[in-house]
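Residues are numbered in our numbering as their position in the sequence shown, beginning at 1, plus a constant of 79.
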Amino acid sequence: MGCKLKRIKSRIRSFGLIMRKRIVIIGGGASGLTAAIGGARNGAHVTIVEHMDRVGKKILSTGNGRCNLTNLRMEEDCYRCGQKGFPMEVIRGFGVDETLAFFKGLGIEPKDRNGYICPNSDQASAVLDVLRSEVERLGVVVLLSCHVEKIETAGGGARYQVYTDQGILDADAVILAAGSKAAPSTGSDGSGYELAGRLGHRVIKPLPALVQLRCQGTMYRQMAGIRTEAAVKLMADGELLALDRGELQLTDYGLSGIPVFQVSRFAARALDQGKRVTALVDFVPSWDDSGAFGLLKKRASLLGHKTVEELFTGLLNKKLALVLIKLAGIKPSQKAGDLSPRQLKLLLGQMKSYEAIVMSVNPFANAQVCCGGVDTREVDAATMESGIHPNLYLAGELLDVDGICGGYNLQFAWSSGMIAGVHAAGGTYAPAPNGKRNRK
């Protein structure tokens with residue numbers, strides 16, 4: 080019987096009819112599309128299940144519509160994760176060089192903006208177009224407006240049945256790439272967490288990240304619309320959690336802008352733990368305390384005939400200066416030359432260490448990504464395979480990995496997606512002599 084079965088398999092192989100490995104990918108975002116391409120290029124029959132009416136919708140909003148594909152500065156401190164080294168271990172499996180080669184092969188000509196890599200056309204739609212085109216060329220089946228109801232193991236736990244509202248899909252491997260809860264209008268509804276949880280994975284509570292901070296006080300209405308260079312220190316119960324510097328944006332409810340986004344995930348976690356969170360803002364980060372005090376003292380002496388409000392003209396935004404002056408307890412109409420050393424120190428304190436009491440972060444609808452997700456200790460960084468179920472893979476924002484602004488979250492999506500797709504199909508990556516990695 081064994082010899083007969085071997086002859087039948089040999090005959091099928093000789094006619095090119097050998098069964099292809101069946102992969103079902105839950106989610107058609109950045110990681111799901113990349114996983115589909117990696118799997119199909121390695122000979123698998125791939126099906127994407129996407130609950131939206133089109134794939135890749137979130138890609139269109141990345142990089143303010145330009146799509147930061149990746150970043151040339153790729154270091155461990157660019158990512159936050161329960162397992163500190165996990166994100167970079169994944170990225171070493173399919174890194175920046177491989178990503179650039181991948182997209183060049185699809186037709187994207189990359190452009191370097193001080194390390195930030197975008198398509199030369201500055202169009203995120205171009206990135207989605209080439210991904211969709213390649214998926215179609217490879218014969219990947221895409222089921223749109225299709226909702227997954229449950230996933231069950233089969234074949235002794237090594238295979239799966241994916242139950243959807245459009246029927247049951249049999250799979251030799253499943254890739255969960257359903258995204259997070261951030262920006263739900265693009266399809267990230269958190270359903271992937273529930274699917275992973277039902278399969279036994281631990282899900283660390285997802286919270287908004289790369290998001291604005293809502294702060295206590297009515298003075299923000301007076302400062303709304305101001306953009307200024309600033310440094311932001313995030314504190315929780317007196318402990319420094321994170322700091323960043325860049326263009327701060329003041330809104331009618333609090334703080335926004337890149338430096339705020341970079342520290343916001345720590346604010347979300349600390350607030351969820353019931354801690355008192357404050358953001359200390361330095362509005363003149365180019366001067367240290369001593370330099371800023373000397374500058375104020377010199378201006379007060381030189382421009383002593385002007386009012387305190389006029390003293391700040393050309394130094395700080397007028398609306399911002401007026402708020403800081405009032406918070407220092409000084410009348411804007413007071414003559415600058417009459418400022419006492421104590422008053423100068425009060426002004427210095429507001430300029431260099433303005434305290435914003437953070438009440439909350441904005442909701443998932445305003446967040447670019449989430450902190451939290453599937454615990455990475457249960458996932459193999461070399462293959463993206465689950466440590467709980469064989470032939471189950473996880474990729475992208477579903478995992479407890481969040482990067483800073485600048486292409487890092489997309490790079491993790493490309494890396495984890497490609498690795499998951501290749502390994503789900505039975506392929507591998509091996510180091511090449513030039514230090515890159517090639518597909519076997």
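Here a beta-carbon is modelled for each residue, glycine too, at the ideal position from N, C-alpha and C.
Where does residue 297 land, buried or exposed, given buried means 16+ other C-beta within 10 angstroms? exposed
Between the Cα of residue 409 and those of 336, 423, 397, 399, spot the shortest distance and give me the residue it belongs to. 423
Thinking just about the alpha-carbon of each residue, which of 467, 483, 504 is nearest to the one in residue 232? 467
Neighbourhood of residue 282 by C-beta, 8 Å cutoff - its chain only, sequence neighbours within 5 removed: 272, 275, 276, 451, 452, 453, 454
Does the pairing of the region 322 to 329 with the region 428 to 441 give three or more beta-carbon distances under 8 Å? no
Just to confirm, is the Cβ distance from residue 261 to residue 146 under 9 Å? no
For the candidate residues 446, 302, 384, 178, whose alpha-carbon lies nearest to that of residue 333? 302
On the criterion of 16 or more Cβ atoms from any shown chain inside 10 Å, does residue 154 qualify as buried, or is it exposed? exposed
Restricting to runs no shorter than 4 residues, where is the alpha helix (DSSP H) found entirely within the region 420 to 457? 420 to 431
Look at the Cβ atom of residue 395, then the Cβ atom of residue 335, and state whether they are nearer than 9 Å. no
Could you give the residue range of the beta strand (DSSP E) that holds residue 312? 306 to 315
Run through the region 355 to 426 for me and flag every whole beta strand (DSSP E) of 3 or more residues, listed as ranges in chain order. 356 to 361
Whole runs of the alpha helix (DSSP H) within the region 88 to 153, excluding any shorter than 4 residues: 109 to 120
Suppose you measure from the CA of residue 369 to the CA of residue 327; what does that come to, to the nearest Å? 23 Å
Select from 443, 175, 506, 457 the residue whose C-alpha is nearest the C-alpha of residue 265. 443
Host beta strand (DSSP E) of residue 188 (start-end): Element bounds for residue 188: n/a, residue is neither H nor E.
Residue 101 classed as buried or exposed, judged by whether at least 16 other C-beta atoms fall within 10 angstroms: buried
Touch test, the region 171 to 185 against the region 495 to 506, Cβ-Cβ under 8 Å, three pairs minimum: yes
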